[in-house]
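Undergrad: Protein chains in written order, with our numbering: chain A, 2 to 479; chain B, 2 to 479; chain C, 2 to 479; chain D, 2 to 479.
Structure below.
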């Protein structure tokens with residue numbers, strides 16, 4: 002298969018001297034853009050089909066092209082295809098091989114298109130698929146969180162602000178906070194997908210083509226929702242790549258926050274959870290170590306994706322129209338972003354369901370740190386003390402408690418009453434962590450009943466927003 | 002007005018020692034967050050109204066609070082209010098002054114809320130307004146581009162790829178490429194606005210509150226489309242800030258590309274346009290200089306906004322729930338982004354309509370650089386030559402032309418026929434720049450007729466997508 | 002003082018129309034570059050002195066200029082100077098006022114220079130001073146760390162990797178790790194200062210000047226170590242700004258790491274330290290809260306400086322020579338970086354010396370987590386067991402200990418011997434945290450004796466590397 | 002060779018369950034860190050040698066280890082070694098194979114060290130070599146620039162500011178501006194190398210070791226200049242990676258600026274240079290195109306390296322001591338930075354020497370744009386007109402010239418005298434581009450004589466600063 006083909010450049014006519022070997026290596030993209038081959042073939046099949054309907058190709062030529070490309074695809078899948086650096090990129094590798102296989106008809110395939118619109122089309126088809134894959138992973142991870150949230154809707158733990166114990170919350174509530182972050186990511190990917198799903202094909206090099214192409218047909222064949230409206234813009238636009246990576250960077254930021262919490266909670270000091278052995282590694286020297294490597298790596302990988310985002314913004318800065326070769330540098334950061342996001346989501350889906358929760362340790366921690374001080378203040382307000390005064394009174398009680406090394410729950414009535422005469426025996430109803438949690442029973446609050454309601458709403462949402470396949474063809478009214 | 006009020010901290014009760022002066026300066030945000038005051042007041046009015054409906058405030062207290070806040074707002078507008086660093090932030094400055102003015106009722110306003118949900122609410126209200134302002138600016142700039150595109154739909158200029166002359170295009174087409182970039186920005190701001198327009202109020206410090214608050218009412222009063230569903234998430238979430246700045250960074254990237262082109266076109270070498278004197282500055286030493294300072298500065302300011310984006314992503318990386326003080330660092334980059342984007346759009350709106358276009362110079366440049374070589378190749382294809390062979394034939398002709406210092410248009414028939422016998426007398430129809438442009442007459446192509454169609458479609462779109470006011474209250478089904 | 006001066010532009014001659022108000026606001030830099038005024042005056046005094054020695058100015062003109070500038074400086078300090086936006090920047094504000102005061106001689110000051118080399122000179126003089134200020138702050142902070150390290154050289158605490166307890170270390174050792182980070186920062190600032198301390202003056206607009214200027218003299222007067230060797234490069238170079246901000250970003254990264262540890266250590270779960278009240282703030286709603294706001298803000302400000310670094314790199318990307326107006330955008334990120342770094346260092350100097358250390362809690366934590374497991378493995382190696390086998394044996398013992406809920410230190414000899422017969426009674430010498438720490442007594446190790454040696458070496462280093470004033474004039478051999 | 006070895010983890014003893022396959026893939030670094038193998042072996046040889054001198058290994062064991070490692074290295078070079086993902090990283094792959102080959106002695110090699118100090122040592126040895134390689138490339142590129150500068154010291158071209166023609170300069174002067182940029186890069190790499198060349202080995206996991214290691218000996222064997230002074234810091238420090246990438250980002254920024262100029266100069270509008278065919282590529286559709294792909298790609302790759310820098314800063318932000326797994330993410334950005342920088346320098350070295358210079362076009366362009374206006378102003382100053390007045394007079398002349406479409410050089414004496422009576426016949430001496438250039442004959446100026454002097458100084462500098470090999474062993478006085 003794929004024997005030595007002559008590697009003359011597709012643009013060699015005008016040139017007096019051949020490309021330097023060093024230059025070939027420096028400029029070729031085949032090492033990384035070969036992953037686009039299924040989309041390049043998909044685009045070529047649609048293009049050939051369209052060219053036949055407008056009479057640029059005969060039906061025989063079209064069929065030869067399609068059969069030829071299918072054969073190449075089969076060979077690639079079977080590992081029987083060797084990519085050539087001299088042929089620069091995935092487009093020319095495929096076209097050269099097609100021509101070798103089917104002759105003249107292969108040379109006609111590039112009629113009315115250019116690599117500039119071809120690569121933009123490939124990239125959008127590829128990214129549409131990967132967005133769908135990520136959306137599916139996201140939904141799976143969200144379901145894991147919903148299951149945990151439901152199971153732990155009554156589990157009490159300390160809520161933190163500034164990493165200081167603030168108020169008791171439920172673990173279910175905390176899980177739903179993670180869920181909400183991912184919900185926004187899901188929405189952003191869906192919005193971004195609409196802007197990915199535009200067809201640039203037909204823009205040719207930069208100005209369109211003089212052939213009477215039928216772009217609506219090609220768009221329909223490729224399942225594009227909309228058609229780009231300006232050829233200069235279409236070949237130079239990389240907004241969809243940048244927006245995708247920006248959305249991914251935010252998702253990774255969320256995973257970095259979740260990771261940070263898992264790392265904290267796994268420490269001896271917190272002791273809230275234990276990650277399963279299968280997701281940890283040890284030390285080459287310290288025999289007792291069990292390290293939360295997976296969340297640490299995910300936290301680290303967050304930086305990587307933000308780095309890619311900035312590289313892409315910087316790449317496009319101040320580029321004049323239309324296509325410039327700089328744009329070739331868009332692929333590696335994009336591909337690495339996709340790989341990183343998918344791997345991180347997958348491993349989180351697996352890992353989270355194996356985490357052991359230490360409910361006793363969580364509850365015990367929630368009892369420390371005067372976590373019900375706010376409840377005492379609210380109690381005083383209900384007894385008629387203005388909030389700001391109540392806040393000051395409880396502040397005094399806490400100072401006393403720190404000095405006496407006694408939590409509010411451990412003080413008796415007389416002790417409490419020295420800070421305010423408004424305090425009566427019913428104060429002990431609000432000083433428990435259970436009472437505190439149960440009292441926050443409004444929309445968005447931490448009470449178990451609210452958490453369960455949030456889970457129900459979320460399950461409904463997840464069922465309805467499953468990404469439905471989009472019918473092809475020009476929803477931008479074109 | 003606003004005489005020396007005692008600046009005891011709202012949280013001082015628990016503390017034995019006062020804050021250091023250095024610390025006060027280091028931690029206070031009043032220098033920059035005071036711009037939020039109208040939104041802080043708006044939020045407090047809605048909160049007080051709600052507290053009265055649930056019986057936490059009497060109607061008299063509510064009215065006193067609202068009147069008090071209105072009086073403060075009037076004083077701020079009149080420049081009669083002095084902000085205190087000791088009171089840390091806009092929230093405490095306003096509340097302290099309110100209490101000074103109306104007494105005990107002022108101390109009750111903070112019931113059932115915290116600065117954590119208050120600042121998130123203020124920021125969202127503010128950002129909603131600024132997003133609308135930016136959308137209005139964007140639409141205005143787009144209209145300037147449409148006017149130019151229409152007026153210059155027949156103006157021929159060289160289209161570039163790799164900054165090399167590629168094919169002739171029309172200036173109208175080029176203007177519409179700029180228009181398309183801004184259209185995507187507009188869509189992204191609209192998408193982002195939906196995620197901004199969520200109400201966090203009611204999340205209190207992190208866990209919700211034990212008062213029977215009515216969040217739907219508050220949301221309705223403040224015109225929020227949706228209500229946050231998790232208190233832990235709501236007080237720590239800054240996604241909406243990051244997404245906004247990411248969208249702004251892409252917009253600024255577009256403006257940097259437009260700026261680059263204006264700078265190139267204004268150079269003696271290109272000479273395509275002249276920016277009006279009023280938008281240029283000179284040199285302190287070289288008397289002949291007229292510099293395109295405005296586009297240069299806009300190009301530079303693109304970097305600034307990307308820097309802010311990175312700072313915000315890095316800020317949120319690995320933060321455990323819920324609120325941490327790091328988040329205070331979100332405001333300066335956000336505010337500077339908004340100021341930068343608005344100023345850049347405004348000055349572009351003004352400047353673009355004053356640019357003088359040198360049509361002769363543009364057309365003359367389009368004649369150089371063998372810009373119709375692709376048309377010759379397409380001509381050969383129509384004569385039955387496979388595209389790849391046609392490409393090679395024209396490449397040979399161009400080599401000859403370079404050596405002979407003659408453009409394709411300057412060769413006679415015999416000279417051209419030495420490269421292919423398929424060339425006949427009708428070749429001269431396609432070798433003109435006018436013929437080349439007119440032949441690209443499909444959707445997205447550069448032909449004048451297509452440009453005018455694109456302008457028409459765009460005008461229609463602009464009319465319909467004017468941001469309509471959103472009715473308040475919980476479209477997330479809550 | 003400073004009455005209405007006519008604000009005609011210094012470059013107005015060639016222009017037909019005045020600058021727009023909007024443009025004036027958009028392009029003026031006086032709001033932020035006025036902080037450069039002492040350096041602008043310093044540079045002008047040296048320039049005038051040099052111009053007099055080469056006969057371009059008379060001695061009387063020189064003296065008038067110097068006296069005039071001194072008068073202006075006095076007025077600025079006294080708050081009697083009003084800056085004009087119409088005059089764009091600090092350079093033109095000062096020159097216009099000088100001419101108003103002394104007449105024709107003022108108009109001659111700009112002979113043989115341009116704003117392009119003037120602003121580069123000002124910025125370098127300013128940055129040299131600020132670098133020295135930062136170096137002084139750094140040294141002060143390092144001394145605080147050395148004092149703590151010395152005082153706590155015997156204080157045992159757990160050393161962490163992956164936030165899991167790894168091995169016992171001393172707090173003194175930990176303090177010296179922080180010290181080492183800052184030492185590298187100090188070295189980088191010193192290296193960077195050498196590259197800041199180049200004089201661009203004399204490069205004029207971009208090509209040098211036709212006056213017979215004496216650059217060596219000016220450099221000597223301004224204390225520059227070296228003179229720029231290429232005028233095109235000198236006016237467009239902003240490397241020194243970027244390098245400075247990169248060095249600052251690393252310093253802030255170190256402070257973010259130190260901050261993270263202080264936040265962790267201040268949590269209820271760790272309880273290792275307590276930051277003084279004066280450096281904490283409370284909650285507007287939770288009366289018991291005492292939040293480590295200062296380290297949190299410093300952690301957040303780290304992001305800000307990295308954002309500035311990115312902005313500056315992006316700003317300079319792909320700028321053609323020589324000066325472009327984009328460069329004006331270098332100042333705000335630089336100034337904000339300097340302010341941020343100085344404020345962060347200052348507050349750390351103050352705060353660190355007030356931190357209370359909970360030695361008992363630290364020691365107790367070090368006893369947990371099988372922190373001496375590595376010591377047991379090393380013990381076995383000394384008894385002849387290959388390291389990898391010893392590691393595996395101790396791993397088994399730890400598994401047993403986790404199941405039995407007993408640390409290694411709590412097992413008796415028989416219990417230990419079931420894992421290896423090599424274990425004898427002397428094993429208890431190495432299983433204590435004190436024994437473990439004391440045994441790591443080589444250069445760089447955690448033993449108290451080594452920590453004290455490191456402190457001694459550091460004190461010596463600090464004494465010798467105090468930034469000595471550099472004599473002016475061309476150490477680059479020019 | 003290298004048959005199925007049992008892949009039990011080096012830290013498996015404590016673990017009940019095996020690592021998941023997904024986890025193995027997610028956490029393994031062997032795919033990218035295998036490039037460190039020569040340095041890992043080099044470090045192990047030195048470590049074994051030291052262990053033998055302190056009696057931890059016998060001389061026979063040491064020799065077996067060294068011979069074993071040499072055998073492995075030979076097999077890797079010969080392509081006879083297969084890396085195992087189950088063994089995680091380069092360190093464990095090598096150690097496992099060593100033990101398989103030589104038995105028990107292999108298990109003793111890890112005595113007194115940990116992967117934490119091992120990987121830091123490997124990385125520093127590797128980076129020291131790569132820094133030297135980059136310094137050598139830099140020097141070569143600088144020599145190409147010096148040759149061109151010398152050859153073109155008299156070639157006149159327009160100097161630009163704001164991309165507007167400013168004053169005539171020489172191409173030699175412009176080349177020396179590029180040279181100066183690279184000189185600063187060279188200095189920064191040299192400074193950075195000193196901080197790379199520290200030995201962390203001996204820090205073990207985080208606290209040092211209880212074996213009586215001789216770090217001075219190991220440092221000497223490995224050619225390290227200095228020894229890390231704190232074990233906690235040494236295993237967690239990645240400053241040297243960040244500083245290196247920051248220095249590389251600045252270098253790439255310089256190359257992006259040079260690239261921008263080559264792209265501009267290659268355009269039809271400028272036409273100053275032509276890049277050799279071998280360094281350009283064409284278009285798949287436009288037969289006439291010859292695109293400056295190499296400079297475009299280098300300009301794009303600048304963004305990539307800045308992205309890596311930001312990723313690394315973000316990676317290290319807020320990491321508590323000591324080693325965290327996040328750090329594994331340092332390698333890919335570092336390795337890609339090195340590859341990018343080396344490839345970019347190499348291709349520039351090759352490409353620059355093939356660029357054809359169009360001297361006539363350059364000179365002709367320098368005559369346009371009133372480039373000698375400043376010379377006229379300076380002329381007037383010499384006739385006694387204050388500079389600011391002279392500037393205004395010439396501004397009027399330029400306005401007249403634009404209206405009359407005549408450059409200053411094309412006006413006759415009478416015409417010129419209408420702007421100032423000070424103008425006499427000798428004015429024509431300064432209005433020529435040659436006169437203008439020759440008059441700027443001070444240090445740093447553009448006159449040919451000054452350019453040649455700068456070349457001479459530079460050649461001398463280059464000869465002396467060739468990186469001399471550094472003798473090993475503790476120059477930090479340890």
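For every residue, glycine included, the Cβ atom is placed at its ideal position computed from N, Cα and C.
(1) Pull up the distance between the alpha-carbon of residue 4 of chain C and that of residue 30 of chain B, whole angstroms please.
(2) Would you call the stretch 23-40 of chain A and the stretch 205-222 of chain A touching, i.e. three or more CB-CB distances under 8 Å?
(3) Which same chain residues end up closer than 6 Å to residue 249 of chain D when comparing Cβ atoms and leaving out the 5 residues on each side of it in sequence?
(4) For the beta strand (DSSP E) that contains residue 157 of chain A, what are its first and last residues?
(5) Can you confirm whether residue 318 of chain A, when its beta carbon is compared against all beta carbons of chain B, has any partner nearer than 8 Å?
(6) Does the CB of residue 432 of chain C have a neighbour CB from chain A at under 8 Å?
(7) So, using beta-carbon positions, are residue 498 of chain D and residue 200 of chain D closer together than 8 Å?
(8) Using 10 angstroms around the beta-carbon of residue 271 of chain A, count the other beta-carbons present and answer buried if the total reaches 16, otherwise exposed.
(9) Straight-line CA distance for residue 473 of chain D to residue 321 of chain B?
(10) At what residue ranges does the stretch 113-157 of chain D contain a whole run of the alpha helix (DSSP H), taking only runs of 4 or more?
(11) At the 8 Å Cβ level, is residue 192 of chain A part of the contact set with chain B, yes or no?
(12) Identify which residue in B:348, B:182, B:72 has its Cα closest to the Cα of residue 101 of chain B.
(13) Which complete alpha helix (DSSP H) runs does the stretch 353-403 of chain B hold, if anything under 4 residues is left out?
(14) Could you name the residues of chain D that residue 298 of chain A contacts, counting a contact when the two beta carbons are closer than 8 Å?
(15) When you compare the CB of residue 235 of chain C with every CB in chain D, is at least one pair closer than 8 Å?
(16) Since residue 166 of chain D and residue 363 of chain D should fall inside the 8 Å C-beta cutoff, what is the C-beta to C-beta distance between them, to a whole number of angstroms?
(17) Output needed for residue 127 of chain A: all residues of its chain with C-beta closer than 6 Å, excluding positions within five of it in sequence on either side, in chain order.
(18) With burial defined as no fewer than 16 other Cβ atoms inside 10 Å of the residue's Cβ, what is the status of residue 297 of chain C: buried or exposed?
(19) Cβ of residue 288 of chain B less than 8 Å from any chain C Cβ?
TA: Put simply:
(1) Residue confidence for residue 4 of chain C is low, a pLDDT of 35 falling below 50, so the modelled location carries little weight; the figure read from the coordinates is stated next. Their Cα atoms are separated by approximately 35 Å.
(2) Contact fails: fewer than three Cβ-Cβ distances are below 8 Å.
(3) Cβ within range, chain order: 306, 338, 342.
(4) 157-162
(5) yes
(6) Under the Cβ criterion of 8 Å, residue 432 of chain C is not counted among the residues facing chain A.
(7) No answer is possible for residue 498 of chain D: the residues shown for chain D start at 2 and end at 479.
(8) buried
(9) Any reading at residue 473 of chain D must be qualified, since the residue scores a pLDDT of 46, below 50, and its modelled position is unreliable; the value itself is stated next. Here the C-alpha atom of residue 473 of chain D lies approximately 45 Å from the C-alpha atom of residue 321 of chain B.
(10) The qualifying runs are 116-152.
(11) The beta carbon of residue 192 of chain A sits closer than 8 Å to some beta carbon of chain B.
(12) B:72
(13) The stretch 353-403 of chain B contains these whole alpha helix (DSSP H) runs: 360-368, 374-383.
(14) What residue 298 of chain A touches in chain D: 27, 28, 326, 327, 329, 330.
(15) yes
(16) The beta-carbon distance between residue 166 of chain D and residue 363 of chain D, rounded to whole angstroms, is 12 Å. This is too long to meet the 8 Å contact definition.
(17) 37, 40
(18) buried
(19) yes
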